[in-house]
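Step one of this worksheet: look at the structure below.
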Amino acid sequence: MPGHVVLKSTGPDPDPTEYLYVSLEQKRIDQTKPYDAKKACWVPCEKEGYVIGEIQGTKGDLVTVGLSGGETKNFKKDVVCQVNPPKFEKCEDMSNLTYLNDASVLYNLKSRYVCKLIYTYSGLFCVAINPYKRYPIYTNRVVKIYQSKRRNEVPPHIFAIADGAYMDMLQSK
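Residues 1 to 173 in UniProt numbering are what the sequence shown spells out, letter by letter.
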């Protein structure tokens with residue numbers, strides 16, 4: 001923007017913790033979610049993409065699923081996806097998910113984004129969801145968190161990718 005001046009704030013960089021790590025309190029909440037591996041499922045939804053449901057029965061190629069609000073619907077077996085156990089809630093690397101399906105990937109990305117965790121790994125890739133807000137995760141304080149660390153030692157961030165590339169470049173010249 002012409003004529004727009006950005007002033008550097010004085011003082012120490014703000015604490016980036018809430019934008020990088022899932023809090024212990026949030027982890028406790030996530031671990032206590034009700035979960036039944038045989039009944040929990042994802043089903044397609046026009047409005048939401050996928051919604052969570054509970055399998056109530058199967059008859060041939062159709063699965064009867066109970067949805068929130070007491071509604072019951074039948075779905076073809078091939079569109080019903082399994083739900084990951086609560087230990088995978090807000091997973092940092094989606095390649096570690098027990099059930100890797102579209103619904104689980106979208107759910108994981110959304111649940112991390114809602115908690116201001118905009119970076120997530122998917123195997124070798126770093127997925128970023130732009131919040132269109134300024135988070136204090138591109139400061140010198142954050143650079144120091146990622147310097148000389150392996151990717152699995154720190155939460156997902158573009159700095160981890162950049163530092164890994166830099167270290168590889170130094171080693172292979």
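Beta carbons: idealized from backbone N, C-alpha and C, even for Gly.
Model, not experiment: these values are computed from the prediction.
Asked                                                                                                                            : Found
The stretch 18-32 touching the stretch 41-58, judged by at least three CB pairs closer than 8 Å                                  : no
Reduced DSSP secondary structure (H/G/I, E/B, other) of residue 116                                                              : coil
Beta-carbon contacts of residue 65 that lie in its chain and below 8 Å, excluding the five residues immediately before and after : 41, 43, 53, 54, 55, 56, 72, 73, 74, 75 and 80
CA-to-CA distance, residue 85 to residue 166, given in whole angstroms                                                           : 36 Å
Alpha helix (DSSP H) segments (min. 4 residues) lying fully within the UniProt domain "Myosin N-terminal SH3-like" (36-85)       : none
Of the residues 103, 39 and 14, the one placed nearest residue 46, counting alpha carbons only                                   : 103
Residue interval of the beta strand (DSSP E) (run including residue 159)                                                         : Not the beta strand (DSSP E): residue 159 falls in the alpha helix (DSSP H), residues 158-172.
Cβ neighbours of residue 20 in the same chain (closer than 6 Å, five flanking residues each side left out)                       : 155
Classification of residue 7 by the beta-carbon crowding that lies within 10 angstroms, buried from 16 upward                     : Per-residue confidence for residue 7 stands at a pLDDT of 47, beneath the threshold of 50, marking its modelled position as unreliable; the derived number appears in the next sentence. Residue 7 is exposed by the Cβ-count criterion.
Contact between the stretch 105-113 and the stretch 126-141 (3+ Cβ pairs under 8 Å)                                              : yes
Euclidean distance between Cα positions of residue 118 and residue 131                                                           : 7 Å
Residues bridged to residue 93 [DSSP beta-bridge criterion]                                                                      : 121
Alpha helix (DSSP H) segment containing residue 24, residue limits                                                               : 24-31
N- and C-terminal bounds of the alpha helix (DSSP H) containing residue 144                                                      : 140-146
Sequence-distant residues of its chain with Cβ nearer than 6 Å to residue 89 (five each side left out)                           : 30
One or two residues paired with residue 127 in a DSSP bridge                                                                     : 120
7 Å CB neighbourhood of residue 142 in its chain, flanking five on each side removed                                             : 16 and 159
Per-residue DSSP class, three states only, for residue 154                                                                       : coil
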